[in-house]
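Its first residue numbered 1, the sequence shown is counted upward by one per residue in this note's numbering. Don't be surprised by glycine CBs; every beta carbon is placed ideally from N, CA and C. Every value quoted in this text rests on a predicted model; they were computed, and no experiment measured them.
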Amino acid sequence: MLGLLAHKWSWRARRQAAGLPYDKPNVVYSGLVHTCWEKAAKYFDLEARVVPVDPDRTYLHGDDIAPYVDENTVAVGAIVGNTFTGQVDDVQSIDAALQQIQADKGWFVPIHVDGASGGFVAPFLAPDVVWDFRLEHVRSINLSNHKFGLVYAGMGTVVFRDRSDVPDELVFDITYLGGSAPTYSLNFSQSSVGTVLQYFQFLRLGRQGYETVMRAASDNAAYLQEKLEAFGRFTFLNEGSFMPVLAFKITDPESAGHTVYDISDALRAEGWIVPAYPLPPHGEETHVLRIVVKDDFSRSLIDLFLESAENVLKKLGGQLEPPPAAVTAKKARPIC
Ligand SMILES: *Cc1c(COP(=O)(O)O)cnc(C)c1O
Numbered sequence: 001m002l003g004l005l006a007h008k009w010s011w012r013a014r015r016q017a018a019g020l021p022y023d024k025p026n027v028v029y030s031g032l033v034h035t036c037w038e039k040a041a042k043y044f045d046l047e048a049r050v051v052p053v054d055p056d057r058t059y060l061h062g063d064d065i066a067p068y069v070d071e072n073t074v075a076v077g078a079i080v081g082n083t084f085t086g087q088v089d090d091v092q093s094i095d096a097a098l099q100q101i102q103a104d105k106g107w108f109v110p111i112h113v114d115g116a117s118g119g120f121v122a123p124f125l126a127p128d129v130v131w132d133f134r135l136e137h138v139r140s141i142n143l144s145n146h147k148f149g150l151v152y153a154g155m156g157t158v159v160f161r162d163r164s165d166v167p168d169e170l171v172f173d174i175t176y177l178g179g180s181a182p183t184y185s186l187n188f189s190q191s192s193v194g195t196v197l198q199y200f201q202f203l204r205l206g207r208q209g210y211e212t213v214m215r216a217a218s219d220n221a222a223y224l225q226e227k228l229e230a231f232g233r234f235t236f237l238n239e240g241s242f243m244p245v246l247a248f249k250i251t252d253p254e255s256a257g258h259t260v261y262d263i264s265d266a267l268r269a270e271g272w273i274v275p276a277y278p279l280p281p282h283g284e285e286t287h288v289l290r291i292v293v294k295d296d297f298s299r300s301l302i303d304l305f306l307e308s309a310e311n312v313l314k315k316l317g318g319q320l321e322p323p324p325a326a327v328t329a330k331k332a333r334p335i336c
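In structure tokens:
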């Protein structure tokens, strides 16, 4: 939200300086974004131009965006590890498309990268995937330290490429705490526990430690996927992604005799929370289960989970029920 707010103000300043209208700002992103993007669009009066979901390719590519971008585009959103399938947008091709647009039309459109989930994974597992400030149009990136940054819930970070990417008018200088404290945030007092712990984790684990942790999560995710694939019932939508996130659908829902919602409910009864949900608009025929493999989902825990999964699938074997409409609607969006 702080990223888009800054880009909106910078866009408006550029338009004002050029004597052009600045009353119809828009933001371009894929239908697979987290709710925070929709919130930012709504709260900051940005027209949301949503690139529809293709259930067979659940990430954004540069080829998708040209019809949505115009002179009023404040920013294009790209996701590194999306909420629905864990896939990673092709930020490099999005950057190339925006360079082309700049060359053809003269509009500079920045990219804000949502690295909430993948920002702490990509540098360690996929250093050759270029999604960050190595790309010219990437001007800001957000990370959720409380996800793969390995700290308690409640800490997020936004990083701007350059000080000039945050308009001065948005930064308040507070003196009443003593000295001078510049602040760019939407709220005031917050716990510093996450920040202190994040420093500790950086010092304790170091780059190599983070790599080891991410590698373990990735190996565990691959192990879990292999075992789940062996049930012969699921198709994985996270194929090709480096994220330790599994999103899978029932390969043949017509003849399965049960839905992903049945599986989710039955697993919950065994003590496992595995969300089931439809993909966003244009992909809503596809219903998936999602498992995020974090550092604390160990191999032995995964084996316990697989036992439950096997029990559940055996029990559900013959049952034939479509997902109750109410459940589908209620679970339409994963929350985190
Ligand atoms: C979790 C998540 C968010 C929200 O981040 P919080 O740190 O939970 O506020 C935004 N975008 C994506 C892709 C996420 O996975």
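Quick one: measure Cβ to Cβ for residue i and residue j, integer angstroms, because I've assumed they're closer than 8 Å.
i    : j    : result
V274 : L289 : 5 Å
I111 : V91  : 7 Å
Y210 : F124 : 5 Å
P167 : D173 : Not quite, the Cβ-Cβ distance comes to about 14 Å (not below 8 Å), so this is no contact.
A247 : L237 : 5 Å
I141 : V109 : Going by Cβ atoms, the distance from I141 to V109 rounds to 16 Å, so no, they are not a contact pair.
P253 : V293 : P253 to V293, Cβ: 24 Å. No contact.
T251 : T235 : 5 Å
Along the chain, where does the beta strand (DSSP E) that runs through residue i open and close?
i    : result
P52  : Counting along the chain, P52 falls outside any beta strand (DSSP E), and DSSP gives it neither H nor E.
L143 : 138-144
D303 : Where D303 is concerned, there is no enclosing beta strand (DSSP E), although the alpha helix (DSSP H) it sits in stretches over 299-316.
D114 : 111-114
F236 : 234-236
What I want to know is whether the C-beta of residue i ends up closer than 8 Å to one or more non-hydrogen atoms of ligand 1.
i    : result
A13  : no
D114 : yes
T58  : no
G156 : yes
I79  : yes
T83  : yes
S117 : yes
Excluding five sequence neighbours on each side, which residues of the same chain lie with their C-beta closer than 6 Å to the C-beta of residue i?
i    : result
D262 : L316
V327 : In this prediction, V327 scores a pLDDT of 46, lower than 50, which makes its location untrustworthy; no coordinate-derived value is stated.
A329 : With a pLDDT of only 46 at A329, under the threshold of 50, the placement of this residue in the model should not be trusted, and no figure is reported.
S144 : A116, G156
G283 : V53, P55
Counting only the same chain and skipping the five closest in sequence on each side, list residues whose C-beta sits under 7 Å from that of residue i.
i    : result
L197 : V151, Y152
I94  : L60, G62, I65, V76, A78, I111
Among the residues of its own chain, which have a CB less than 8 Å from the CB of residue i, if the five just before and after it don't count?
i    : result
A18  : none
L170 : L5, A6, W9, Y184
H146 : Y152, A153, G154, M155, G156, G194
D45  : P25
For the alpha helix (DSSP H) that contains residue i, what are its first and last residues?
i    : result
L224 : 193-229
K337 : Because the chain spans 1 through 336 in this model, residue 337 falls outside it and cannot be assessed.
H7   : 2-17
G253 : The sequence shown places Pro at residue 253, not Gly. Residues 253-256.
Y411 : What is shown of the chain runs 1 to 336, which leaves residue 411 out entirely.
I65  : Counting along the chain, I65 falls outside any alpha helix (DSSP H), and DSSP gives it neither H nor E.
Does any C-beta atom of chain B lie closer than 9 Å to the C-beta of residue i?
i    : result
A103 : No chain B is part of this structure, which consists of one protein chain only.
Quick check: the segment 187-205 against the segment 129-139, are there 3 or more CB pairs under 8 Å?
no
Assess contact between the segment 79-89 and the segment 22-32, defined as three or more Cβ pairs (one per stretch) separated by less than 8 Å. Is contact present?
yes
For the segment 112-132 against the segment 47-54, are there 3 or more C-beta pairs whose distance is under 8 Å?
no
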